[in-house]
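Asker: First residue of the sequence shown? That's 7 in the numbering used here, and the numbers climb one at a time after it.
Even for Gly, the Cβ is constructed at its ideal location relative to N, Cα and C.
There's a structure below that I have some questions on.
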Amino acid sequence: MPYKGEIHEKAWGHELWIINNEHYCGKLLVFKKDKSFSMHYHILKDEAWYISKGEFIYKYIDTETASQKSVVVREGDCIHLMPGQPHQMIALEEGSTIFEVSTQHFDSDSYRVGKGSSQLDPEDLPF
7 MPYKGEIHEK
17 AWGHELWIIN
27 NEHYCGKLLV
37 FKKDKSFSMH
47 YHILKDEAWY
57 ISKGEFIYKY
67 IDTETASQKS
77 VVVREGDCIH
87 LMPGQPHQMI
97 ALEEGSTIFE
107 VSTQHFDSDS
117 YRVGKGSSQL
127 DPEDLPF
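Given below as structure tokens:
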């Protein structure tokens with residue numbers, strides 16, 4: 007039976023939750039230009055992304071060298087994030103979108119290691 011997904015508003019845009027159950031999770035992450043989610047990781051969640059629209063700066067921490075790295079990813083690129091991999095996305099275009107598939111999502115399984123658009127104080131903003 008057709009249904010509407012759940013919209014979860016975020017400071018960086020919104021998530022459209024297609025499904026989240028004990029077997030898997032599917033979401034669309036739609037970003038505002040120049041916005042980001044926090045640098046974070048998951049202990050339980052194994053996730054894969056498909057960039058379906060736009061461009062992002064993908065930042066991650068190499069956990070073997072403790073160095074932060076970044077690369078521009080574009081429409082058609084895929085990223086697989088293993089549990090424990092710190093990651094952050096910054097949208098370079100309005101409406102940049104990620105299709106995410108993963109194991110079940112739990113809010114309690116997100117561990118922040120750096121601020122994103124949701125955590126920035128007004129005095130941190132450039133205007």
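CA-CA distance, residue 100 and residue 36?
Answerer: When rounded, the distance between both Cα atoms is 9 Å.
Asker: Report the start-end ranges of each beta strand (DSSP E) in the region 90–116 that is 3 residues or longer and not cut off at the edges.
Answerer: Complete beta strand (DSSP E) runs here, min 3: 93–97, 103–108.
Asker: Strictly by DSSP, which residues pair up with residue 47?
Answerer: Residue 47 pairs with 117.
Asker: Taking the alpha-carbon positions, what's the residue 118 to residue 45 distance?
Answerer: Approximately 6 Å, taken between the alpha carbons.
Asker: Check whether the Cβ of residue 114 sits closer than 7 Å to any heavy atom of the ligand FMN, and report yes or no.
Answerer: The ligand FMN is not part of the structure shown, which contains no ligands of any sort.
Asker: What is the DSSP secondary structure of residue 65, counted as helix, strand or coil?
Answerer: Of the three classes helix, strand and coil, the one that applies to residue 65 here is strand, per DSSP.
Asker: Leaving aside the five residues before and after residue 111 along the sequence, list all residues of the same chain whose C-beta is less than 7 Å from its C-beta, in chain order.
Answerer: Once the five neighbours on either side are set aside, the close Cβ partners of residue 111 are 26, 31, 51.
Asker: Please report the straight-line C-alpha distance between residue 53 and residue 108, rounded to a whole angstrom.
Answerer: Taking the straight line from one Cα to the other gives about 4 Å.
Asker: Measure the C-alpha to C-alpha separation of residue 57 and residue 43 and round it to an integer number of angstroms.
Answerer: Distance between the alpha carbons of residue 57 and residue 43: 15 Å.
Asker: Within the same chain, show all residues whose beta-carbon is closer than 6 Å to that of residue 85, passing over the 5 residues directly before and after it, in chain order.
Answerer: 55.
Asker: Could you tell me the distance, in whole angstroms, from the CA atom of residue 114 to the CA atom of residue 90?
Answerer: Going by the C-alpha atoms only, they are around 14 Å apart.
Asker: For the candidate residues 23, 17, 71, whose alpha-carbon lies nearest to that of residue 104?
Answerer: Residue 23 is the option with its Cα nearest to residue 104.
Asker: Of all the CB atoms in chain D, is at least one closer than 8 Å to the CB of residue 66?
Answerer: The chain labelled as chain D is not found in the depicted structure, where only one protein chain is given.
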